[in-house]
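Asks: In the numbering used here, the protein residues as written are 10 to 352.
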Ligand code: UFG
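Put into structure tokens, the structure is as follows:
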């Protein structure tokens, strides 16, 4: 069976994708330097799937070690590249670290892939490349204009997309699928893997579940004076398992040789926008657990409203994010309970 190399495979989206790949029969080698994940994630994956992925504790910037991986696994037919630093605020404080990590790892990977004749790559990008789309581009499809990034993190996603286009132009053998994620949430239904935020969570859902678990006194809702029906920001929250499945579809499409362009781009979202207050309300309704919250001022750099037009992914990849949001919120809560040993 074909082997897929998954960089960042012990991370949040990476680990869920490894599960889906292995359940479809792929062999998987994970490369991860564990800078923002735990080696224990491998136990969770193994418990779900019934076999263990191969694992190498390597920094993707390390050419020699990456080469050793491609030598050791000559059956690698494709790569999914998740490994990246991803905290927007931290990227503003440490831009050079973000440029070095996120650009260097992709460049190294593409160099090694070329050397070992591996020509299929799926790249984790983000809806952040669209910034705040104007009203004519909401919901956002793949033709919406790319706007200047608001953070070094966002800029690394844009530059990495350009690097992929340029390398594909230079090497006609290379095929790439760029997946622009909206806001992934939730955890595997087994509650054996999920999101493991480092310190105080920046993202909404881990903050909600930690507040529900009593770790945080209250959620701060950043702004209720936006131009939205209830005044809070709107996002397209997509179930991480649905998102993981899109990667399997993207890999299958490339291995089957069906892409119509050398670089294909897909927006991965549900097509439905939910406000922060709607998420809190749905969470409380779905779990029966209260989430105290307070409205505070806006968070710098936040986008008012963005949600996807996922039509291209639906039609071309034959994929749809259709897990009901309340089920997703329950999965996030079950994972938090698992982490905290709450019955
Ligand atoms: N929010 C709160 N309180 C919190 C945390 C978040 O009200 O404690 C709100 C935010 O203001 C925003 C929404 O919840 O309106 C979602 O915030 P997240 O931080 O979860 O997600 P973002 O949409 O801001 O950021 C995500 C990814 C980034 C990526 C960005 C754009 O985390 O990596 O989408 O693609 F850059």
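Where is the CB? At the ideal position from N, CA and C, for every residue including glycine.
All values reported here derive from a predicted model rather than from experimental measurement.
1. Do you know offhand how far residue 39's Cα is from residue 236's?
2. If you follow the alpha helix (DSSP H) that residue 81 is in, where does it begin and where does it stop?
3. List the DSSP bridge partners of residue 337.
4. Extract the residue ranges of the beta strand (DSSP E) inside the segment 276 to 306, only unbroken runs of 3 or more that lie entirely within it.
5. How would you label residue 126, buried or exposed, when you count the other beta carbons within 10 angstroms and need 16 or more for buried?
6. Relative to the C-alpha of residue 322, which candidate in 188, 336, 180, 74 has its C-alpha closest?
7. If you count every other CB in all the chains shown that lies within 10 Å of the CB of residue 300, and 16 or more means buried, which is it?
8. Quick test of your reading: residue 88 and residue 58, contact by CB under 8 Å. State the CB separation rounded to the nearest angstrom.
9. Compute the Euclidean distance between the alpha carbons of residue 308 and residue 30, then round it to the nearest angstrom.
10. Report the rounded CA-to-CA distance for residue 240 versus residue 316, giving the unit in angstroms.
11. Helix or strand or just coil, what does DSSP make of residue 184?
12. Quick one: Cα of residue 21 to Cα of residue 278, how far?
13. Is any heavy atom in the ligand UFG found nearer than 8 Å to the beta carbon of residue 112?
14. Whole angstroms is fine: what's the gap from residue 327's alpha carbon to residue 318's?
15. Hey, could you find the ends of the beta strand (DSSP E) residue 258 is sitting in?
16. Examine the ligand UFG and report whether any of its heavy atoms sits within less than 8 Å of the Cβ of residue 162.
17. Look up residue 319 in the DSSP assignment and give the residues it is bridged to.
18. So, does the segment 155 to 164 touch the segment 329 to 339, judging by three or more C-beta pairs under 8 Å?
19. If you compare alpha carbons, which of 324, 147, 138 is closest to residue 255?
20. Among 221, 264, 120, which one has its Cα closest to the Cα of residue 186?
21. Let me make sure I understand the geometry here. Which of 36, 105, 114 has the alpha-carbon closest to that of residue 74?
22. Would the beta-carbon of residue 291 be found less than 8 Å away from any heavy atom of the ligand UFG?
23. Is any non-hydrogen atom of the ligand UFG found closer than 8 Å to the C-beta of residue 312, if you look at the structure I gave you?
24. Answer with buried or exposed for residue 245, where buried requires no fewer than 16 other C-beta atoms within 10 angstroms of its C-beta.
Replies: For this structure:
1. Looking at the backbone, the Cα of residue 39 and that of residue 236 are separated by about 43 Å.
2. Taken as a continuous stretch (DSSP letters only), the alpha helix (DSSP H) holding residue 81 covers 72 to 81.
3. Per DSSP, none; premise fails for residue 337.
4. For the segment 276 to 306, whole beta strand (DSSP E) runs of length 3 or above, ordered along the chain, are 302 to 305.
5. If you draw a 10 Å sphere on the C-beta of residue 126, you find fewer than 16 other C-beta atoms in it, and that means exposed.
6. Residue 322 has its Cα closest to that of 188, out of 188, 336, 180, 74.
7. Counting C-beta atoms within 10 angstroms of its own C-beta, residue 300 has 16 or more neighbours from the protein chains shown and is therefore classed as buried.
8. Not really, about 20 Å apart at Cβ, beyond 8 Å.
9. Answer to the nearest angstrom: the Cα atoms are 37 Å apart.
10. When the Cα atoms are used, residue 240 and residue 316 turn out to be separated by approximately 16 Å.
11. Strand.
12. Between residue 21 and residue 278, the C-alpha separation is close to 17 Å.
13. No, Cβ of residue 112 sits at least 8 Å from all heavy atoms of the ligand UFG.
14. Rounded to whole angstroms, residue 327 to residue 318 spans 14 Å at the Cα level.
15. In the DSSP annotation of this structure, residue 258 is not part of any beta strand (DSSP E); the continuous alpha helix (DSSP H) holding it starts and ends at 249 to 264.
16. At least one heavy atom of the ligand UFG is nearer than 8 Å to the Cβ of residue 162, so yes.
17. Answer is none; residue 319 lacks a bridge partner.
18. With a cut-off of 8 Å, the segment 329 to 339 and the segment 155 to 164 do not count as touching, because too few Cβ pairs lie within range.
19. Residue 255 has its Cα closest to that of 324, out of 324, 147, 138.
20. In this structure, 264 is the residue among 221, 264, 120 with its C-alpha nearest to the C-alpha of residue 186.
21. Comparing Cα positions, the closest option is 114.
22. For the ligand UFG, not one heavy atom lies less than 8 Å from the Cβ of residue 291.
23. Under cutoff, so the answer is yes.
24. Buried.
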